[in-house]
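**Student:** The numbering used here puts the first residue of the sequence shown at 425, with every later residue one more than the last.
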Amino acid sequence: MSTATSPHHLPCGGAHWVDHVARHAHADPDGVALRFEGATTTWAGFDERVRRFARGLHERGVTPGDRVVVLMTNRPEFIEAVLAANAAGAIAVPVNFRLAPEEAGYILSDSGASVIVTDTVLAPLAAAASAAAVRAGAGRPRIIVAGPDPSAGGAEAESYDAVVAAAGAERVEVAIGEHDVALIMYTSGTTGLPKGAMLTHLNLLMQSITGIRTSTVHSDDAVVLLNVPMFHIAGIGSMLSALLIGATSVIMPTAPFDALSTLDVVEHEGITSLFLVPAQWQVLCADPAATDRGRSLRTISWGAAPATVSLLETMGRVFPYAEIISVFGQTEMSPVTTSLPAEDAVRKIGSVGKAVPTIAARIVDDEMNDVAPGQVGEIVYRGPSLMAGYWNNPQATADAFDGGWFHSGDLVRADEEGFLYVVDRKKDMIISGGENIYCAEVENAIAGCPAVADVAVIGAKHERWGETPVAFVVPADPAAPPTIDDLTAWTKDRLASYKKPTAIVVLAELPRNASGKVRKHELRASYGSVPLT
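Here it is in structure tokens:
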């Protein structure tokens, strides 16, 4: 990174996202970098605010390698704070704002963060998480609050805008290598404590290049909507390519997903690229105005959770003018590992495509032997987008890299052309009477039933078979929920007999985490331990 003190100096050799912003500020100072609730931030303005906040962090004792937690709703200051932490040589730690104080406090304690950057809405959570971290033996981090009421973070909290205004605009003199850690992204923790995946600047650069290729964000006239939570790797990943090529990012404020407000922004801002998780696409596609109001879209993509074939078919009907791109991966891979281009979307519907060119992938059995096409195995990875390891957790790192490849935990199969199909998470596989049953396959079959709006399947204990599939269903019509006989009839020609659910539980909604993944451990805790006969 540049060591010059002039705020207008152009970094020459940096490949980091802070340097991308500086170059756009130099080449296109009045170009639109960010849009948020109708307000515009130019590249020059963006660059200056990042420089000033980085200087403010430096003046408050933040040094290279320190951790800066960013606990914020979707807003421009989120991106500013993450980049500013890196510009000061520190590591940014985005935190899920839906966590309870004790859960967020664990991340503060585990990461050893010295600063929390938050906003007025989340300042009470930041203060409570800080107190929880102190109780766990960690130091008390400094709290900086964006928004009108910094006192919500406690008596010693500082105003974000005041820090920016008081700091100088000269760049912090710090050298950062491509293998230095830029982010610690804590996994969603659907089982056990979350682990902090250490993503380097090289990881982020490779994800930027992958995003340009997979989402066809090629030119600076692209307009990308950041609608998923920015603390999640899907949110971070969505902005990386725009920062590299100088495209505009439109940030939607944090709120429960709503089809009408999303379509308002798509139409009014001329959004060309939209990524949503499958649960959001399901809601958006149900809006009768979606086809007419989404005509600016060039590409629509999905990931972070499985999508059913019926949903993909619906997306194609609702947005016939947009290319449908599926992306697949995980936090530890920065995140995209495979993609299915638009030209194969219909022919290979349900596939997540092939591995992106920047990584190597294998499908292996438990002894690390490659499996034959059509057989199910775990997909393992190598490549420059692979994390450096788990923060403060050498055992988990060693386990994940056993055999010299990163173990994803995802079970997949490849067809005769090499296209990959996700079968299940390895830990979700059901073994019933010696037969392997993949929950995703059963869910995919049930999802097409007209009486079913949403479905998840787990394995429950069975006195005779060891385990048996149980379906958790959200009915399309709450007044007429499907029965187990309905599911049995629907799956008659779609599933082998041993794969069919033997019990059904009707819910108003499925429990999901912030990335849209079903919290199956909650379903197992409630229903999976009761033996069925």
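All C-beta atoms, glycine included, are put in the ideal place defined by N, C-alpha and C. Just so it is clear, the structure is predicted and the values come from calculations on it, not from any experiment.
#1: Output the distance between the C-alpha atoms of L911 and R564, rounded to the nearest integer angstrom.
#2: Is Y745 buried or exposed, if buried means 16 or more other CB atoms sit within 10 Å of its CB?
#3: Roughly how many angstroms separate the alpha carbons of L532 and A658, rounded to a whole number?
#4: Please classify T427: is it buried, with 16 or more other beta-carbons within 10 angstroms of its beta-carbon, or exposed?
#5: Give every residue of the same chain whose Cβ lies closer than 8 Å to the Cβ of G740, excluding the five residues on either side of it in the sequence, and list them in chain order.
#6: Report all residues from its chain with a CB closer than 7 Å to the CB of R491; omit the five preceding and five following residues, and keep chain order.
#7: In angstroms, rounded to a whole number, what distance separates the CA positions of A621 and M663?
#8: Going by Cα to Cα distance, which pick from G670, C709, W726 and I928 is closest to S775?
#9: Under a Cβ-count criterion, where at least 16 other Cβ atoms within 10 Å of its own Cβ denotes burial, should Q799 be classed as buried or exposed?
#10: List the endpoints of the continuous beta strand (DSSP E) containing A547.
#11: Within the region 724-757, note down every full beta strand (DSSP E) run reaching 3 residues or more, in order along the chain.
#12: Looking only at its own chain, which residues have a Cβ that is under 7 Å from the Cβ of H444, when we skip the five neighbours before and after it?
#13: Where does H603 fall in DSSP's three states?
#14: Are W812 and T638 close, meaning C-beta to C-beta below 8 Å?
#15: May I ask you to list the residues that DSSP assigns as paired with S673?
#16: Please report the straight-line C-alpha distance between R522 and G828, rounded to a whole angstrom.
#17: Can you give me the start and stop residues for the alpha helix (DSSP H) that M630 sits inside?
#18: Just the Cα atoms here: how many angstroms apart are L947 and R918?
#19: Checking 8 Å against the spacing of the C-beta atoms, do V647 and A671 come in under that value?
#20: Would you give the residue range spanned by the beta strand (DSSP E) that D690 belongs to?
#21: Using the Cα positions of I675 and F460, report the straight-line distance between them to the nearest angstrom.
#22: Check H433 in the structure and name its three-state DSSP category.
#23: With distances taken between CB atoms, is the gap from A593 to Y584 smaller than 8 Å?
#24: So, for E737: in the same chain, excluding its five sequence neighbours on each side, which residues have a beta-carbon less than 8 Å away from its beta-carbon?
#25: What residues match up with F830 in a beta bridge as DSSP calls it?
#26: For H886, is the classification buried or exposed, using 16 other Cβ atoms within 10 angstroms of its Cβ as the cut-off for buried?
#27: Using only alpha-carbon positions, find the residue among Q631, I567, R447 and H482 that is nearest to P781.
#28: Entirely within the region 775-826 and at least 4 residues each: give me those alpha helix (DSSP H) ranges in chain order.
#29: If you run the structure through DSSP and keep just helix, strand and coil, what is S538?
#30: Could you check if I789 is buried or exposed, using at least 16 other CB atoms within 10 Å of its CB as the buried criterion?
#31: For G469, report the span of its alpha helix (DSSP H) as first-last.
#32: Where does G462 land, buried or exposed, given buried means 16+ other C-beta within 10 angstroms?
#33: Return the CA-CA distance between V588 and E501, expressed in angstroms with no decimal places.
#34: Around the Cβ of G577, are there at least 16 other Cβ atoms within 10 angstroms (buried) or fewer (exposed)?
#35: Hey, how far is the Cα of L549 from the Cα of A524?
#36: Quick check on this structure: which residue in L628, R595, L617 and A586 has the alpha carbon closest to the alpha carbon of H603?
**Tutor:** So, to answer that:
#1: 54 Å
#2: exposed
#3: 22 Å
#4: Unreliable positioning characterises T427 in this predicted model, as indicated by a pLDDT of 36, which lies under 50. A coordinate reading is not provided.
#5: I748, A769 and V770
#6: A514, I515, V517, S535, G536, A537, S538 and I608
#7: 19 Å
#8: W726
#9: exposed
#10: Unbroken run through A547 is the alpha helix (DSSP H), A547 to R559; no beta strand (DSSP E).
#11: 747-753
#12: L667 and L668
#13: coil
#14: The amino acid at residue 812 is misidentified as Trp; the sequence shows Ala. No, these two residues do not count as a Cβ contact at 8 Å.
#15: L458 and V648
#16: 35 Å
#17: H625 to T638
#18: 25 Å
#19: yes
#20: First, the residue type needs correcting, since residue 690 is Val and not Asp in the sequence shown. V690 -> not in any beta strand (DSSP E); alpha helix (DSSP H) instead, spanning A683 to E693.
#21: 5 Å
#22: Low confidence applies here, because H433 scores a pLDDT of 45, under 50, leaving its location unreliable and the question unanswered by this model.
#23: no
#24: I773
#25: Y805
#26: buried
#27: Q631
#28: 818-824
#29: coil
#30: A small fix is needed here, since residue 789 is Asp in this sequence, not Ile. Classification for D789: exposed.
#31: W467 to E483
#32: exposed
#33: 11 Å
#34: buried
#35: 8 Å
#36: L628
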